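Novice: Below are the structure tokens for one structure; questions will follow.
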Amino acid sequence: MKLTQLESVDQITHLLLSGSMDVAGVREIEMDFSRLASGKQPLVLDFSGVTFIASLGMRMLLSAAKKLDNEGHKIVLHSVPPLVETALHTAGLSTVLPIVKNEPDAFHLLLAQK
Amino acid sequence: MANYHIFRIKNTFTELELLCSEISEITENSNFSDQLVFALNVCLEEMLTNIIKYAYDDHAMHEIEVRLEITDQVITLTIIDDGHRFNPLETAAPDVSSDIINRPLGGIGIYLTCKMANKVSYTRKNDKNIFKILLTPHVVIL
């Protein structure tokens with residue numbers, strides 16, 4: 001799995017995740033993800049390249065959401081493939097991990113909350 | 115005609131990763147729908163992670179058997195372990211309500227598996243847990 005830091009806009013961290021967020025995938029990125037999703041800035045995650053997610057990946061996202069919440073910031077996911085989105089909804093995570101259609105919608109949502 | 119695949123792995127995450135990669139080769143060369151492959155991968159990862167993390171009361175190596183029976187677009191996944199008795203179907207469903215940020219994410223793996231499978235069953239035989247999962251193209255939630 002790959003984690004890429006995209007250009008930060010308006011003090012919002014923007015990360016691109018790609019690959020399968022399975023046991024191996026989470027192990028590959030979790031340290032970098034934890035460092036970049038430190039909670040100090042709102043976080044936008046581009047999920048367009050994520051092909052799979054199960055509870056291990058969800059735990060990693062939830063941990064980031066908790067850190068952000070403690071600092072008064074939010075997290076938003078965008079461009080989430082349908083099967084991944086369904087899994088997140090089923091796990092009841094869509095309330096703490098809001099999902100929007102695309103990148104402009106994600107930034108719009110976070111800037112509106114600032 | 116059914117195709118059978120039997121895998122035996124040790125109770126480590128490294129072995130789980132290798133197993134997932136071997137099974138991916140089978141699914142990539144099949145005509146399964148994306149939904150079916152996604153559901154199979156969720157069930158495999160969730161149930162085996164659970165066994166590796168919680169099934170054993172010692173630190174010894176154990177063998178976990180994973181059987182795949184494939185008939186057309188129907189997959190029967192059977193997972194057999196010699197851990198302590200654990201019926202996943204008796205675990206309480208997690209509260210997937212909005213306050214998840216303030217509570218642990220316990221039980222989500224089993225919950226996801228049961229949601230994605232068409233049928234799940236558990237038996238305990240010869241001191242082994244046998245968990246069987248039926249997946250069809252009409253995966254329940256996908």
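The listed protein sequences correspond, in order, to chains Y and A. Residue numbers for the first sequence follow the working numbering, so the first one is 1 and each next one is one higher. Residue numbers for the second sequence follow the working numbering, so the first one is 115 and each next one is one higher. We put the CB at the ideal spot given by N, CA and C, even for glycine. Source: prediction; values computed, not measured.
Please decide whether Ala87/Y counts as near chain A, where near means a Cβ-Cβ distance under 8 Å.
Specialist: yes
Novice: Is the closest heavy atom of the ligand PLP to the C-beta of Gln41/Y under 7 Å?
Specialist: Ligands are entirely absent from the displayed structure, and the ligand PLP is therefore not among its contents.
Novice: My output table needs one value for Phe245/A: the three-state DSSP class, helix, strand or coil.
Specialist: DSSP places Phe245/A in strand when its eight states are reduced to three.
Novice: Since Ile137/A meets chain Y, which of its residues come closer than 8 Å, beta carbon to beta carbon?
Specialist: Under the 8 Å cutoff, chain Y gives no residues; its nearest Cβ is about 11 Å from Ile137/A.
Novice: When we look at the beta-carbon of Met1/Y and count the other beta-carbons within 10 Å, is it buried (16 or more) or exposed?
Specialist: buried
Novice: Thr13/Y bridges to which residues according to DSSP?
Specialist: Leu43/Y
Novice: With which residues is Tyr118/A paired in a DSSP beta bridge?
Specialist: Tyr118/A is bridged to Glu183/A.
Novice: Name the one or two DSSP bridge partners that Met21/Y has.
Specialist: Ile53/Y
Novice: Quick one, are the C-beta atoms of Pro337/A and Tyr225/A less than 8 Å apart?
Specialist: No statement about residue 337/A is possible, as the shown extent of chain A runs from 115 to 256 and does not include it.
Novice: Would you call the CB atoms of Thr163/A and Leu56/Y closer than 8 Å?
Specialist: Between Thr163/A and Leu56/Y, the CB-CB gap stays under 8 Å.
Novice: Verify whether the separation of the beta carbon atoms of Gly49/Y and Gly19/Y is less than 8 Å.
Specialist: Contact: yes.
Novice: Take the Cβ of Gln149/A as the centre, count every other Cβ of all protein chains shown within 10 Å, and call the residue buried at 16 or more, exposed below.
Specialist: buried
Novice: Using beta carbons (cut-off 8 Å, strictly below), is Asp32/Y in contact with chain B?
Specialist: Considering every chain present, this structure includes no chain B. Its protein chains are Y and A.
Novice: For the stretch 32 to 53 of chain Y, list every residue whose C-beta sits within 7 Å of some C-beta in chain A, in sequence order.
Specialist: Phe52
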